[in-house]
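Some notes on the structure that comes next.
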Amino acid sequence: MQVKIDFNTGIIEGCRVTIRRLSDMAEFYSDQVSVNNMLKKNRDPCIYEIYEYSNPADEGNLNFGTTIIYPGKVGSEFYMTKGHYHQKNAGEVYQGLRGNGILLLQNRKGEFRSIEMGKGSLVYIPPEWAHRSVNIGDELFIYYFVYPSNSGHDYETIRRTGFMKLVVEKNSKPCIIDNIKYTPSES
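Below is the structure:
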């Protein structure tokens with residue numbers, strides 16, 4: 001099987017496309033006042049797009065695709081993905097194609113890591129680590145991903161608990177801060 005990826009735009013021909021707007025992710029942002037103000041002003045920007053080629057969820061198969069995160073902020077919090085755990089014990093690999101971002105990782109034991117990503121970065125995400133990507137630049141942040149087809153996604157835990165850390169702009173620079181709304185997962 002062969003597909004074509006435009007490494008400058010992140011677009012993959014002939015695959016499933018998911019578009020996430022602010023209204024789709026409102027509860028994933030910490031600053032609900034800014035979320036509500038943006039939505040009341042009919043500002044429902046595209047936060048990110050996913051171009052994914054999925055294979056049957058059989059042992060040994062891989063899914064792959066690209067994520068394109070737009071530049072911008074909700075209040076002082078940078079545009080980001082929802083973030084997720086995998087339902088199965090599975091790792092994932094990201095390769096930076098364009099722009100600059102930060103990958104946030106956390107596990108249920110309370111450990112946290114952050115990794116800066118850019119064009120040419122190759123990052124391994126270990127099993128049992130939730131991950132969220134954040135665009136900290138003023139251009140598209142695009143990366144390629146690959147993970148086992150049978151690993152599934154658990155967005156619900158992150159929706160319920162939040163992420164341990166947030167990436168916000170302070171003094172015109174990205175800054176990682178504690179998320180005061182974070183509640184540790186019981187599972």
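The sequence shown begins at 1 in this note's numbering and counts up by one.
Each residue gets a CB set at the ideal place from its N, CA and C atoms; glycine is no exception.
From the options, residue whose alpha carbon lies closest to that of residue i
i	options	result
residue 120	41, 100 and 45	100
residue 12	143, 149 and 169	143
residue 149	27, 182, 55 and 43	55
residue 122	3, 182 and 96	96
residue 118	172, 45, 138 and 107	138
residue 1	7, 179 and 14	14
residue 179	161, 172, 44 and 107	161
Presumed contact (8 angstroms Cβ cut-off) between residue i and residue j, rounded CB distance
i	j	result
residue 166	residue 70	About 18 angstroms; that fails the 8 angstroms criterion.
residue 159	residue 28	7 angstroms
Same chain, Cβ closer than 6 angstroms to residue i, five either side skipped, listed in chain order
i	result
residue 132	80, 81, 83, 104 and 163
residue 134	78, 80, 101, 102 and 167
residue 42	none
residue 7	97
C-beta atoms of residue i and residue j nearer than 9 angstroms
i	j	result
residue 77	residue 34	yes
residue 176	residue 102	yes
residue 68	residue 10	yes
residue 146	residue 39	no
residue 51	residue 98	no
residue 152	residue 109	no
residue 168	residue 75	yes
residue 136	residue 174	yes
Proximal residues to residue i (C-beta, below 8 angstroms), its chain only, five neighbours per side dropped
i	result
residue 125	91, 92, 93, 94, 103, 105 and 131
residue 32	26
residue 44	21, 22, 23 and 38
Cut-off 7 angstroms between Cβ atoms - residues of its own chain near residue i, not counting five sequence neighbours on either side
i	result
residue 85	130, 154 and 157
residue 59	150
Classification of residue i by the beta-carbon crowding that lies within 10 angstroms, buried from 16 upward
i	result
residue 20	buried
residue 30	buried
residue 18	exposed
residue 5	buried
residue 49	buried
residue 64	buried
Near the ligand NAP: residue i beta-carbon under 8 angstroms from a heavy atom
i	result
residue 105	No copy of the ligand NAP appears in this structure; indeed no ligand is present at all.
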